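Trainee:
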DNA sequence: TTCGAGTATGACAACGTTATCTCATCGACC
DNA sequence: GGTCGATGAGATAACGTTGTCATACTCGAA
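Residue numbers (my numbering), protein chains in the order written: chain A, 435 to 768; chain B, 435 to 768.
(1) Could you pull the start and end residues of the beta strand (DSSP E) that residue 621 of chain A belongs to?
(2) List the residues of chain B whose Cβ lies closer than 7 angstroms to the Cβ of residue 549 of chain A, in chain order.
(3) Could you name the residues of chain A that residue 697 of chain B contacts, counting a contact when the two beta carbons are closer than 9 angstroms?
(4) For the structure I just gave you, are there three or more beta carbon pairs, one from the segment 737-752 of chain B and one from the segment 712-719 of chain B, closer than 8 angstroms?
(5) Taking the C-alpha atoms as reference points, what is the distance between residue 477 of chain A and residue 514 of chain B?
(6) So, helix, strand or coil for residue 641 of chain B, using DSSP?
(7) Helix or strand or just coil, what does DSSP make of residue 595 of chain A?
(8) Contact defined as beta carbons within less than 8 angstroms: I believe residue 748 of chain B pairs with residue 591 of chain B. What is the distance between those atoms, to the nearest angstrom?
(9) Taking residue 715 of chain B as the query, report the chain A residues whose CB atoms sit under 7 angstroms from its CB, ordered along the chain.
(10) For residue 495 of chain B, which residues in chain A fall below 8 angstroms Cβ to Cβ?
(11) Considering only the alpha carbon of each residue, which of A:597, A:549 and A:560 lies closest to residue 576 of chain A?
(12) By a C-beta neighbour count over all protein chains shown, 10 Å radius and 16 as the cutoff for buried, is residue 589 of chain B buried or exposed?
(13) What in chain A is Cβ-close to residue 771 of chain B, meaning under 8 angstroms?
(14) Check whether the Cβ of residue 527 of chain A lies closer than 8 angstroms to any Cβ atom in chain B.
(15) With DSSP collapsed to three states, give me the class of residue 678 of chain A.
(16) Bridge partners of residue 654 of chain A, per DSSP?
(17) Taking the alpha carbon of residue 445 of chain B as the reference point, which residue from B:475, B:458, B:465 and B:496 has its own alpha carbon closest?
(18) Quick one: list the residues of chain B neighbouring residue 508 of chain A, beta-carbon separation under 7 angstroms, in chain order.
(19) DSSP on residue 549 of chain A, reduced to helix/strand/coil?
(20) Output the distance between the C-alpha atoms of residue 580 of chain B and residue 486 of chain A, rounded to the nearest integer angstrom.
(21) Would you kindly work out how many angstroms separate the C-alpha atoms of residue 671 of chain B and residue 718 of chain A, rounded to a whole number?
(22) Could you tell me which residues DSSP pairs with residue 706 of chain A in its beta bridges?
(23) Could you give the residue range of the alpha helix (DSSP H) that holds residue 453 of chain B?
(24) Taking 8 angstroms as the cut-off, does the segment 634-646 of chain A touch the segment 686-704 of chain A (at least 3 CB pairs, one atom from each stretch)?
(25) Of all the options A:449, A:584 and A:609, which has the alpha carbon lying nearest to the alpha carbon of residue 502 of chain A?
(26) Determine, using beta carbons only, whether residue 474 of chain B comes closer than 8 angstroms to chain A.
(27) What does DSSP give as the partner residue(s) for residue 497 of chain B in the beta ladder?
(28) Locate the beta strand (DSSP E) running through residue 555 of chain B, then write down its first and last residues.
(29) Could you check what DSSP says for residue 695 of chain A in three-state terms: helix, strand or coil?
(30) From which residue to which residue does the alpha helix (DSSP H) around residue 742 of chain B run?
(31) In angstroms, rounded to a whole number, what distance separates the CA positions of residue 551 of chain B and residue 482 of chain A?
(32) According to the neighbour-count rule (16 or more other Cβ atoms, all chains shown, within 10 Å of its Cβ), is residue 724 of chain A buried or exposed?
(33) Evaluate residue 644 of chain A with the Cβ neighbour count: other Cβ atoms within 10 Å of its Cβ, from every protein chain shown; 16 or more gives buried, anything less gives exposed.
(34) Could you tell me whether the Cβ of residue 514 of chain B comes closer than 8 angstroms to any Cβ of chain A?
(35) Check whether the Cβ of residue 511 of chain A lies closer than 8 angstroms to any Cβ atom in chain B.
(36) Along the chain, where does the beta strand (DSSP E) containing residue 589 of chain B start, and where does it finish?
Set out below in C-alpha cells:
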C-alpha cells in the first residue's frame, strides 16, 4: 500500500487534478457539488498532500522557523508551545533552529535554513532578535519576520512584547507599598534589552515614591541561579543591606533564596524576594515567589499569528503582564 | 537576486547536473577533478539544495520527527537539544510534534505528519512510546522508529534507555548506607513504565539489605510538584514516619522539600530527600537535591544516532545513569 | 441578439532535484 | 585481441503538486 496522490483523488472523485487542488487550497470558483465530491474522495482515501511537492510547485512551504539562542528550558518550551499551537491551527509546520549568537557561522546557518526549507516566515526570540547582521540577512531575503521582545530597530519588523518598563515599575511599586525603602535589584544579562528596560522601570518607581537611587543596590546578573546567589551575598553584606531584593528572573530569585537560606536570613521575615517571569520554578521553590507573570506561551502564539495573518506587513502587539503575589514578599519588620 | 539552483552550479562548474548531484550526495564514481570543480562552484554561488525538490525526487526527506506528550519543559528541552545536535551534524531537520496520548485523533495526526512530510524516521518519548495503536500505525507505514525508554514491546523497535531498576536500587542503597531504615517512596505517574521499574529497584535494594517492605511507605505520585507535596504530608503524618523520602522525580522532591519547610521539618537534619532526573531544578531548590542523573540530552543524541546510522535495523543502546549527592541527604539523627 | 464580465473547469508546463538508463573509457584477463 | 568488469559522465524521465492559459457556460445589459 502506497500513499495516495492527488491523481488518485481526482480519479475517485471523477474530476480533474486541478479541481482537487482548488478545493484543497480553498480557491474561488469551485461549485459545491465539486467540492463535496472531492472532499469525499479525500476522506475515503485518507489523502494528505505532499508538502514537498506543494513547496516545490508553489510559492509557499507551509513551514515557519523559530530561531532562538536562549538557555532557559521553560522559556523555550512555552514559546514553542504557543507557536506550535498556532501552527497546528493553520496546518503549518514549525522548524526549530537553535543557534549561537556568538558563532561566526550564524548568518550562514540562517541563510541555509531559509534556502533549504524555503520558509514562509521566521520568528526570533531574544537575544538573537537584536543581532544586526542576522536581521540584515533576513531583510535581504525579503522573508517575513516577527520578533519577540526586540530591543533595537523596533519598527523594522513585526513584533510582540510586554511592557518591561511598566512591569518592573509595578513590582518595585508593590515592594514600596509594603513599606520597603531599600530595594536591591539584580539585573539581567547585558545582551538582553529587557534587562535595561527593567532597570528603567525600577528607577521610575523609586523616583515616583521619592526614594533616592542608590547604585550600590544594583547588582549585575546573568539571569541564572549562580549570579542570583552571588548578588544576594554581595547585597546582604552591605553595611546597610536591602530589606527586599528584586531579581530580574525567577532563576536569579531562586539563587537569592538559596543564599538567604545559607546565610540564615529568613524569607520573607527578614528579606523579601521577588522574581520575574513566573516560570514553573516560582512555585517550586520555598517560599514560592512573588513575581511578574510574562505570558510566554501567548507571546509565541501571537508571534505565529502575526506571521500567518499579515505576512510581510509590519504589525505590533503588546501583551499584558501580571503581578503575582506569593509567599516570598512581606512588609519589612523593624 | 534569486536562489541558485543545481543548474546554475552545473553551468558554472562546466559539468552536467547529474554530476553535481553526485558530488552533493557523495556517490561513488566521481573523479577528484570533477568533485573539486563542483565544490568550488557551490561555494561561489553559496548554493543550498532545495529540500523540497530532494524530497520529491528522492526517497529521503532529510527530516525526522520527534513525537512527545510530556509536560516537563526540562525533559523536552534537553531531548530536543540532543536530537537537534545529531541532526545538525547530519544536516537533517527535526520536526517537533507535541501530541496528546488521550486524544482520539492521535493516530491520524501521526499518520498525517508522516504522509505530509515524508519523514525518514520517528523518535518517540514516554509515554507515547507505549501506545499500541500508535506503534501499529508506524509499523504499517514501515517507518524507522526509535523509542526512548519504552515500557512495552521492547524488541519491536530500536530503543535507548537507562536502567531504571538499577538507578532506583542505587539511590535506595545509598540512603540505606547512610543509616536510613524507613525510606518513603513517591512513585511516578502510572502511565510511565519507569515508575514501576523504579519501585522494583527500591524493593530490590531493601530486600538485599534485609529491610522489610512496608507498603504504607509507598505513595503514588504524578511526577509533579503537587503530588510530591501531598505525598510528603501523608508520609510525615504516619505514626512511624520515614527518615528519608525518595521521590521518583526532582519536581516531586521539590514538593517534598516545600512540605517539609511548611511543617517545620528541617532537611537534611530531620529528613533526607532524594529526587530523580537531575533537572535544573535539583540545584535551584534549597537544599540542593541528591538525585539520579538521567542523561536526557545524551538519550536524545543516541536516539537520533540510531535512526540515522541504522535506519530500520533494530538496535538498542543503554546509557549510564549517575548518583549525584548534594545537600538534601544525610545520616539520620537519633 | 450580442457582448462582456464573472464563474467554473481542465490541459499542460513548470518547480529543482534524484533515479534510471545509456554510453565511453580504461585495464586486466584468458 | 577481444571480452568483461570497474569507473566516470551525461540525457532524460520521473516525483506530486501549483501556476498559467485556454475553454465553456451563465447572466444581465446594450
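Built from N, CA and C at the ideal position, the CB exists for glycine as well.
Source: prediction; values computed, not measured.
Mentor: So, from the listed chains and residues:
(1) 617-621
(2) 437 and 482
(3) Ordered by position in chain A, no residue passes the 9 angstroms Cβ test against residue 697 of chain B, which lies about 11 angstroms from the chain.
(4) no
(5) 33 angstroms
(6) helix
(7) strand
(8) 7 angstroms
(9) 718
(10) 486
(11) A:549
(12) exposed
(13) This structure does not reach residue 771 of chain B, given that chain B is present from 435 up to 768, and the question cannot be answered.
(14) yes
(15) strand
(16) A:621
(17) B:475
(18) 507
(19) helix
(20) 24 angstroms
(21) 22 angstroms
(22) A:678
(23) 451-458
(24) no
(25) A:584
(26) no
(27) B:527
(28) 555-558
(29) helix
(30) 730-744
(31) 10 angstroms
(32) buried
(33) exposed
(34) yes
(35) yes
(36) Residue 589 of chain B -> no beta strand (DSSP E), and no H or E assigned at all.
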